[in-house]
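Read through the structure below, which is laid out as structure tokens, and then see the notes.
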Amino acid sequence: MSKQKLQNLCLKIGSGSTPRGGNKVYLTNGNYTLIRSQNVYNEGFNKSGLVYISDNDAEKLQGVSVKEDDVLINITGDSVARVSMPLKEILPARVNQHVSIIRANPKYLDSYFLKYFLISPKTNNYLLSLACSGATRNALTKSMLEKLEIPLLSLEKQKRISGILRTIDDKIQLNNETNQTLEHIAQAIFKSWFIDFVYIAKPTH
């Protein structure tokens with residue numbers, strides 16, 4: 001199977017930036033979110049700890065704005081090589097310097113296929129080995145990402161593969177939500193019966 005370097009299939013590969021002032025300028029709400037490495041997980045985007053920045057800071061970071069179909073990858077630290085895609089609900093957004101944006105060229109590459117390729121065990125382990133090759137902390141450089149080779153499949157095949165995997169992910173998410181609901185019901189029953197001592201009376205005939 002022929003392969004192609006990622007740089008030839010993408011419109012953008014580049015890391016983000018942090019507003020001047022660092023975490024001192026983070027807001028609890030606002031019009032623009034700032035995506036950090038703690039929000040990027042292979043299992044999906046994590047909104048926990050999501051922060052906001054001012055409209056003025058967002059304007060200064062216009063060059064690292066995030067689009068819905070962008071693939072995000074952590075490029076430094078212990079979470080290096082974790083991959084996710086942004087949720088539509090958290091846009092508009094920017095990314096900080098620990099996260100890189102990979103924007104696929106839709107003429108050649110399906111974004112979801114790219115995401116699944118990057119989180120596949122073989123590719124993810126390869127990225128981790130690259131990141132650990134540096135003299136200091138774990139890091140993936142722009143050059144490393146640009147030179148990464150990806151199988152060159154037709155768009156139709158890419159979308160067919162990613163479509164199947166997305167369906168599986170959706171079912172896993174639904175099962176997780178169902179399990180959480182059942183767990184909450186069980187906890188409520190436990191509290192009612194064993195803490196509040198509220199018993200359900202047997203029906204009388």
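Per my numbering, the sequence shown starts with residue 1, numbered consecutively. Glycine included, each C-beta is placed from N, C-alpha and C at the ideal position.
Annotation for ILE119: ASN42, VAL83 place their beta carbon closer than 7 angstroms to its own, counting only its chain and skipping 5 residues before and after. About 5 angstroms separates the CB atoms of TYR108 and LEU9; that is less than 8 angstroms, so the two are in contact. The alpha-carbon separation between ILE73 and ILE13 amounts to approximately 10 angstroms.
Close CB contacts of TYR32 within its chain, under the 8 angstroms cut and outside five residues either way in sequence, are with TYR52, ILE53, SER54, ASP55, ASP57, ALA58, PRO92, ALA93, ARG94 (chain order). In the DSSP assignment, ILE119 falls outside any beta strand (DSSP E) and lies within the alpha helix (DSSP H) extending over 111-119. Boundaries of the beta strand (DSSP E) around SER100: 99-104. Within the stretch 15-82, the beta strand (DSSP E) runs of at least 3 residues that lie entirely inside it are, in chain order, 32-35, 51-53, 71-74. Shown here, LYS5 sits in a strand according to DSSP, grouped into three states. In the DSSP secondary-structure assignment, ILE13 is bridged to ILE102. For LEU128 and VAL80, the gap between their C-alpha atoms comes out near 7 angstroms. Where GLU146 is concerned, the enclosing alpha helix (DSSP H) starts and stops at 142-147.
Per DSSP, ARG137 lies in no beta strand (DSSP E) and is assigned neither H nor E. Non-local C-beta neighbours of GLN38 in its own chain, meaning closer than 8 angstroms and more than five positions away in sequence, comprise ASN46, SER48, GLY49, SER79, ordered along the chain.
With a contact defined as Cβ atoms closer than 8 angstroms, PRO86 and VAL66 qualify at about 5 angstroms. Residues VAL71, ALA104 of the same chain have their beta carbon placed closer than 6 angstroms to that of LEU114, with the five preceding and five following residues left out of the count. When GLU89, SER100, GLY77 are compared, the shortest CA-CA separation from THR136 is found for GLY77. The residue among ALA188, PHE117, LEU61, ILE101 with its C-alpha nearest the C-alpha of LYS3 is PHE117.
Between GLY163 and ASN96, the gap from beta carbon to beta carbon reaches 8 angstroms or more. Taking C-alpha positions only, ILE101 is separated from GLN62 by approximately 13 angstroms.
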